[in-house]
Amino acid sequence: MWLTHKLNPSRILAGGACGFKHTNQYPFMSMGSCGNQPLFKDGKGCGSCYKIRCTKDKSCSGKAESVIITDMNYYPVSKYHFDLSGTAFGRLAKPGLNDKLRHSGIIDIEFTRVPCEFPGLKVGFHVEEYSNPVYFAVLVEYEDGDGDVVQVDLMESKMARGPATGRWTPMRESWGNVWRLDTNHRMQAPFSIRIRNESGKTLVARNVIPANWRPNTFYRSFVQYS
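Take 1 as the starting number for the sequence shown in full-length UniProt numbering and just add one per residue.
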């Protein structure tokens, strides 16, 4: 179902309030958007995908384009409010009218939520800077389907190269799509990570974080929502 609401061009910073990296590269390709609270959902809307189109402005192409929620903007324009990147805003325009549409300011759009698709990618985990043996923070990226994450759990190993403990420990949402675990002991990797999306579907990445993990490093799993 398509809904009608407002949007305006935004100055989205790389990562933004969701923490995503390299949003100017594949698969984001600068097609990100800030979302107000009903879209951002205190971070649990990060990574959600939408089709949007504009038809009322003379510069609008009427063609639907896909955007991903990568940031927040609580500006009270309407119930649902998209703050698009300049690239995404321009893609809604007729050929040659990109700048003219961007200068239109706030415009009405139609939008609908759609499944995310990241061809060729598996779910990825970026170990955040300042992670250490008693504090572990990870950014979750590239989930097909819902695109979002509402719960993350971590399983330690018994020893550096031994079997997993079999116990899942809930992580806490730190900010955006970054989840953290603070402990009173030195955590033992490799770590398995379990994620759950808004639809309630779970996915387990076994031993995705190796024993010799390092902060500020990206680790790709072998799993993806089908």
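Note that beta-carbon positions come from the ideal geometry of N, C-alpha and C, so glycine has one too.
As the structure is a prediction and not an experimental result, all values here were calculated from the model.
Within its own chain, the residues whose Cβ lies closer than 6 Å to the Cβ of Gly147, once the five positions on either side in sequence are excluded, are Gly47, Ser48, Cys49, Cys116, listed in chain order.
Here the alpha carbon of Gln151 sits roughly 43 Å from the alpha carbon of Gly96. Contact between Ser131 and Leu101 is absent: CB atoms are separated by about 42 Å, not below the 8 Å threshold. Per DSSP, Ala88 lies in no beta strand (DSSP E); the unbroken alpha helix (DSSP H) holding it starts and ends at 86-91. Nearest to Phe40 by alpha-carbon distance, out of Gly16, Lys122, Ser226, Glu128, is Gly16.
Here Tyr142 is buried. Its C-beta has 16 or more other C-beta atoms within 10 Å. Leu203 sits away from Ile209, with the two beta carbons spaced by 7 Å or more.
Pairing Ile69 with Gly35 gives a Cβ-Cβ distance under 7 Å. For Pro170, the secondary structure class from DSSP, reduced to helix, strand or coil, is strand.
The three-state secondary structure of Lys51, taken from DSSP, is strand.
Ala137 has its alpha-carbon roughly 8 Å from the corresponding atom of Ser174.
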